[in-house]
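Asks: My numbering applies: residue 130 is where the sequence shown begins, and numbers increase by one.
Just so it is clear, CB atoms sit at the ideal spot from N, CA and C, and this is done for glycine as well.
Please read all numbers here as calculations on a predicted model, not as lab measurements.
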Amino acid sequence: MSDARVPLLPKPPPASVFARLVGVIHLPPLPGSPLSSLPVRAIVERAVEDARVLEGAGFHLALIENFGDTPFCRDRVPAITVAAMTACAEGVRAALPTLPLGINVLRNDADAALAIAAVVGAACIRVNVHTGARVTDQGVIQGDAAATLRTRRTLGAESVAIWADVDVKHSAPLAVRPIADEASDLVTRALVEAILVTGSGTGKSIDLAQIASVRSAIGTVPLYVASGARVEDLGALVGHCDGVIVGSALRANGIAGGPVDIAAATTFAKSFRTVFPRDSAPG
């Protein structure tokens, strides 16, 4: 009998430096959420189609999130949400096995995101509030980096990177701190693998002065612009960030929540490759 150990979890495709261009898959309302109307099978099919468009356009990673589940749960989401998101992520993984995936369980369920990522072999999770406390439309959300990192260790999922927002959109701090200090803590004390900077809300542009402060505080840790990135803004971002996470600009008329538009995704990816000449394809 062989003593070789079989890994319990699938190994995710690498995110690392190649995930410079990230497209967001906005799932429609999932079963159990107030605006839900579609069966899971139809939602999975749409997620797969969105992922096909992103991969075909040249995006390096698809970030799956339960965008349609408003109003969002503050922290723990219902079991049906985890089940539905896992079905969507597994559907994308089965259809596009080489496309790296990310998972974001809104508003701030890092445990659920890690569980889904571990099961489907995702490359990373996004955590809106990993440290500190923020006042949001869901109430006060507190980060729990200690629990999240220990859960990752328990799952044996250290290959799943943690991407965390600093001064995340749709929120305000309980006590104001310099954004550079918050970003530094995320790296040195909360051990994240990437930092995300956003504007004040979905689709809102970022403040270049803020991103410059974050860049100076985190050294070589990957830094993403995670809201408000539009084709016409890409030139201004060169030299300020390592990549972009784009959602609204990939939809028809720039309206968040709908399916990914082929023309918009193709145009954005081509513009990104032109403006960020060091960009290269995975592999």
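I think residue 293 touches residue 256, with their Cβ atoms under 8 Å apart; what is that distance to the nearest whole Å?
Replies: Confirmed, Cβ separation roughly 5 Å.
Asks: Which of the three DSSP states is assigned to residue 133 in this structure?
Replies: Since pLDDT at residue 133 reaches only 46, below the 50 mark, its modelled position is unreliable, and no value is offered.
Asks: What's the gap between the Cα of residue 165 and the Cα of residue 235?
Replies: Spanning the two alpha carbons is a distance of roughly 16 Å.
Asks: So what's residue 405 in DSSP terms, helix, strand or just coil?
Replies: Note: residue 405 maps to coil in three-state DSSP.
Asks: Mind reading off the beta-carbon distance from residue 326 to residue 335? Whole number of angstroms is fine, and I expect it under 8 Å.
Replies: The pair is a contact, with the Cβ atoms about 5 Å apart (cut-off 8 Å).
Asks: What does the alpha-carbon distance come out to for the pair residue 426 and residue 170?
Replies: Shown here, the chain extends from 130 to 412; a query on residue 426 therefore has no answer.
Asks: By Cβ distance below 7 Å, which residues in the same chain neighbour residue 215 in space, the five residues on each side in sequence not counted?
Replies: Excluding positions up to five away in sequence, the list reads 245, 248 and 249.
Asks: Apart from the five residues just before and just after residue 280, which ones in its own chain have a Cβ nearer than 7 Å to its Cβ?
Replies: Cβ neighbours of residue 280 beyond the five flanking positions: 240 and 243.
Asks: Which runs of the beta strand (DSSP E), 3 residues or longer, sit entirely within the stretch 265-305?
Replies: The qualifying runs are 268-271, 290-295 and 300-302.
Asks: Residue 194 bridges to which residues according to DSSP?
Replies: Answer by DSSP bridge pairing, in chain order: 155 and 233.
Asks: Out of 197, 252, 227 and 172, state which residue places its alpha-carbon closest to the alpha-carbon of residue 162.
Replies: Nearest C-alpha to residue 162: 197.
Asks: To the nearest angstrom, how far is it from the Cα of residue 224 to the Cα of residue 159?
Replies: Each residue's alpha carbon lies about 21 Å from the other.
Asks: Three-state secondary structure (DSSP) at residue 335?
Replies: Coil.
Asks: So, helix, strand or coil for residue 412, using DSSP?
Replies: At residue 412 the pLDDT is 34, less than 50, meaning the model places this residue with poor confidence and gives no usable figure here.
Asks: Starting from the C-beta of residue 222, find all residues in its chain whose C-beta is less than 7 Å away, skip the five residues before and the five after it, and write them out in chain order.
Replies: Counting only Cβ-Cβ distances below 7 Å, and skipping sequence neighbours, we find 230, 249 and 250.
Asks: Can you grab the Cα-Cα spacing for the pair residue 348 / residue 211, in whole Å?
Replies: So the two alpha carbons sit approximately 35 Å from each other.
Asks: Looking at the secondary structure, which residues open and close the beta strand (DSSP E) in which residue 372 lies?
Replies: Element bounds for residue 372: 372-375.
Asks: Taking the alpha-carbon of residue 361 as reference, which of 157, 153 and 401 has the nearest alpha-carbon?
Replies: Nearest of 157, 153 and 401 to residue 361, Cα basis: 401.
Asks: Grab the span of the beta strand (DSSP E) containing residue 352 for me, first residue to last.
Replies: Counting along the chain, the beta strand (DSSP E) containing residue 352 begins and ends at 352-354.
Asks: Please state whether DSSP places residue 323 in a helix, a strand or coil.
Replies: Three-state DSSP puts residue 323 in a strand.
Asks: Give the range of the beta strand (DSSP E) segment to which residue 254 is assigned.
Replies: Run containing residue 254: 253-256, per the beta strand (DSSP E) assignment.
Asks: Applying the 10 Å Cβ sphere with the 16-neighbour rule, what's the burial state of residue 384?
Replies: Looking at its Cβ environment, which holds fewer than 16 other Cβ atoms inside 10 Å, residue 384 is exposed.
Asks: By the 10 Å Cβ neighbour count, where 16 or more other Cβ atoms means buried, how is residue 399 classified, buried or exposed?
Replies: Per the 10 Å Cβ criterion, exposed.
Asks: Return the bridge partner residues of residue 318 from the DSSP annotation.
Replies: Paired residue(s): none; residue 318 is not in a bridge.
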